[in-house]
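Working notes, structure below.
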Amino acid sequence: MKKTITIKDIAHELGVHHTTVSLALRNSKSIREETRKKVWDKAAEMGYRPNRLAQGFRNRRSNTIGVLVPNIQHHFFAKFISEVSERASQSGYSVMVFQSNEQEATEKRNVEALIDNRVAGVMASVSKETTTGAHFDAFKQEDIPLVFFDRVPAQEAVPKVVVDNHQGAYEAVKLISSKNKKRIAFITGSIELNVYQERLEGYKQALLDVGLEFQEELLVRGDFFMKDGMDGAKKLMALSRKPDAILAVGDDVGIGAIKYLKGAGFRVPEDVAVVGFDNDPMGVAIDPELTTVSQPIELMADVSWQMLLAKIDASETRVEEQILPASILRRQSC
């Protein structure tokens, strides 16, 4: 019967302590890169296969990362999960995905399920119903590291990785204004969520800075689906003084706005310019192609992963906040 290779066997071969091997195989930053490479090479040479179940019982943790998102169908979250999964695999972890379906009650059950599965750490983006996010405190009580990304709860002191939504919306309005547009409308989402609050604030600040007055009638509150863009554009174009530009809180909303405008006989961008937010691949499938505020999803996934991994390895205990820059992708709709 083939002998099962253990961490101690690898340590013996390399002449190091078995704790060093364990940390190296988990890509701990406390281990030098040269040592990590030697350990991984020796592990591969000896045919080492980690016993995930035994590790979970011994450490009261599995080698699984939990990712909790509002909706896995949304491009942003699907792409984030894909990027994190790739990084986790490279570091010897697997990923368990839960979605809240934008419901706080489901989100609370997801938190309980993640704890029951003894995950090593969690990345979470909250539902549109989530206000205080107090249920996430359970992770701290169970000593499970947690990093929020994109959408974060109202608490100030939480580890998080977010995009500069204020800056993104601000730059979008500045671009629209540079096209000599004077009545710039905004179709926004749930105002309770940090991402939409920040985009609204950036929109208002940019209007002020370019010498335009904020007008309540040009602000349409809805959701973040294509239908919301169509309904919002229809409402805006029914005004006696129609807008000549629309900033959409997301690309699906922007695509919906373009679909309505073209169907109603308006030219885009000549009559009404449209700018989205997210850089969804569908933005290049619409005619004209959607100008959008691009979020650095790969960078967000990388920073979130590194932050969580540092907490798992106990090499980082501070409450960190990383704000990533957004950028404008100029296409034909503005």
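If you want this note's numbering, it's the 1-based position in the sequence shown plus 1379. Every residue gets a Cβ at the ideal spot worked out from N, C-alpha and C, and that includes glycine.
Item, Value
"Pair every Cβ in the region 1511–1529 with every Cβ in the region 1592–1611, then say whether three or more of these pairs are closer than 8 Å.", "no"
"Take the Cβ of V1698 as the centre, count every other Cβ of all protein chains shown within 10 Å, and call the residue buried at 16 or more, exposed below.", "exposed"
"What does DSSP give as the partner residue(s) for L1447 in the beta ladder?", "F1477 and A1503"
"Below 6 Å CB to CB, which residues in the same chain sit around T1485 once its five sequence neighbours on both sides are set aside?", "S1479"
"Could you please give the first and the last residue of the uninterrupted alpha helix (DSSP H) stretch that includes K1416?", "E1412 to M1425"
"Kindly indicate which three-state DSSP category A1457 falls into: helix, strand or coil?", "helix"
"Check each candidate in D1630, K1487 and H1545 and name the one with the smallest Cα separation from I1702.", "H1545"
"Under the rule that 16 or more other beta-carbon atoms within 10 Å means buried, what is R1530, buried or exposed?", "buried"
"Around the Cβ of D1666, are there at least 16 other Cβ atoms within 10 angstroms (buried) or fewer (exposed)?", "exposed"
"Can you check the region 1554–1585 for any beta strand (DSSP E) of at least 3 residues that lies completely inside it and give the ranges in chain order?", "1563–1567"
"Per DSSP, I1702 is paired with what?", "V1541"
"Which two residues bound the contiguous beta strand (DSSP E) that contains V1653?", "A1652 to D1657"
"Assuming S1441 and V1498 make a contact with CB atoms under 8 Å, what is their CB distance in whole Å?", "6 Å"
"Quick one: what's got a C-beta closer than 8 Å to I1494's C-beta in the same chain, skipping five residues either side?", "A1517, F1518, E1521 and I1523"
"Looking at the secondary structure, which residues open and close the beta strand (DSSP E) in which L1598 lies?", "L1598 to R1600"
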